[in-house]
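Just below is one structure, and these are the notes that go with it.
Residue numbers (the working numbering), protein chains in the order written: chain A, 1 to 168; chain B, 1001 to 1165.
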């Protein structure tokens, strides 16, 4: 691993953690902690600029550092963000390995899978509430995923070639 | 480059349509299954502590109920009633009632609820949590109120409810 790649991946983790924290202060659906998921842009960028291995590392580091820094720590909110994040990373990585879809479609699937993971975790914690919020969250995750996918796509187009390792 | 992108566009279209059909299918299915209840069930850790009839404000308690004569005040992690520290809720479940205000104990601290007879709705007035999502939500009579860090939820349902103890 070159120094450039190491530094780039570390900066990516740092950006994802900060974006994750800033986002949690902006409520979109009252009564829930629904977020657009801008931190997922980083996972998408790393998955398509480097590869699945790097995307899993950066994604999991983001979730755990985010959990350490969040005021509620490793409580029930961490459970939700962990299962959601895990599902969305798996979706990105699987579609990256298949490598037959554009970023916007990949991002949309990943965003929907994030909500699916959260619903699975929440159905153990809050059985009665899930049925009410799950459909709204699923519907909202589609435009959120398209937005993050579009931003990641633009980023990769603008920085095209920058991520490649130089051969001396 | 353009020619290479064409099959990808169609694959994307198929993937996006499949996801959209599933998501909106679930959404429309849920629209027909919505129940707007007249009872508010206040739960801690998925167990119903007590229920309030939103029409007339009557209370059905499934836990020890302490009726007090002055407004409970939450100060930090202590509960003051008539300027005396009250620790009856520390031992476990229980609810302190003053007129239309209710105090229960969540995982992080006391939770103060209020029932409004005029609006026929219920709200969380005060709780301890990092982002105060449930107390910022305000009055509700259909959308569940969730205090996830406190394991406190308020759901709305029918009068007859299966009690799972």
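Beta carbons are placed, not taken as given, at the ideal position from N, Cα and C, and that holds for glycine.
Just so we're clear, the structure is a prediction, and the values are computed from it rather than from any experiment.
At the level of alpha carbons, what is the spacing between residue 1163 of chain B and residue 1048 of chain B? The predicted model places residue 1163 of chain B with a pLDDT of 47, which falls under 50 and marks its position as unreliable, so this point remains unresolved.
Which whole runs of the alpha helix (DSSP H) in the segment 54-101 of chain A are 4 residues long or more, in chain order? 76-98
Min CB distance residue 157 of chain A to chain B below 9 Å: no
Pull the bridge partners of residue 1040 of chain B from the DSSP assignment, please. B:1052, B:1156
According to DSSP, simplified to helix, strand and coil, what is residue 1028 of chain B? helix
Are any of the Cβ atoms in chain A nearer than 9 Å to that of residue 1112 of chain B? no
With a 10 Å radius around its C-beta and 16 neighbouring C-beta atoms as the bar for buried, classify residue 133 of chain A as buried or exposed. So residue 133 of chain A counts as buried.
Chain-order list of residues whose beta-carbon lies under 6 Å from that of residue 74 of chain A (same chain, five-residue window excluded): Only 67 meet the Cβ criterion.
Between the Cα of residue 1144 of chain B and the Cα atoms of A:6, A:136, A:144, which residue gives the shortest distance? Comparing Cα-Cα distances from residue 1144 of chain B to each of A:6, A:136, A:144, the minimum goes to A:136.
Could you tell me the alpha carbon to alpha carbon distance between residue 1069 of chain B and residue 1110 of chain B, rounded to whole angstroms? The alpha-carbon of residue 1069 of chain B is positioned some 18 Å away from that of residue 1110 of chain B.
Residues within the segment 132-160 of chain A neighbouring chain B, beta-carbon criterion of under 9 Å: 132, 133, 134, 135, 136, 138, 139, 141, 142, 145, 146
Alpha-carbon to alpha-carbon, residue 1119 of chain B and residue 1165 of chain B: Reliability of the predicted coordinates at residue 1165 of chain B is poor, the pLDDT of 39 falling under 50, and no value is obtained from them.
Determine the contact status of residue 80 of chain A and residue 121 of chain A, defining contact as a CB-CB distance below 9 Å. yes
Using a threshold of 9 Å, state whether the C-beta atoms of residue 1100 of chain B and residue 1117 of chain B are closer than that. yes
Let me know the secondary structure DSSP gives residue 164 of chain A once reduced to three states. coil
What are the residues in the segment 87-112 of chain A lying within 8 Å of chain B by C-beta distance? 100, 101, 102, 104, 105, 108, 109, 112
Could you compute how far the alpha carbon of residue 1 of chain A sits from the alpha carbon of residue 54 of chain A? 11 Å
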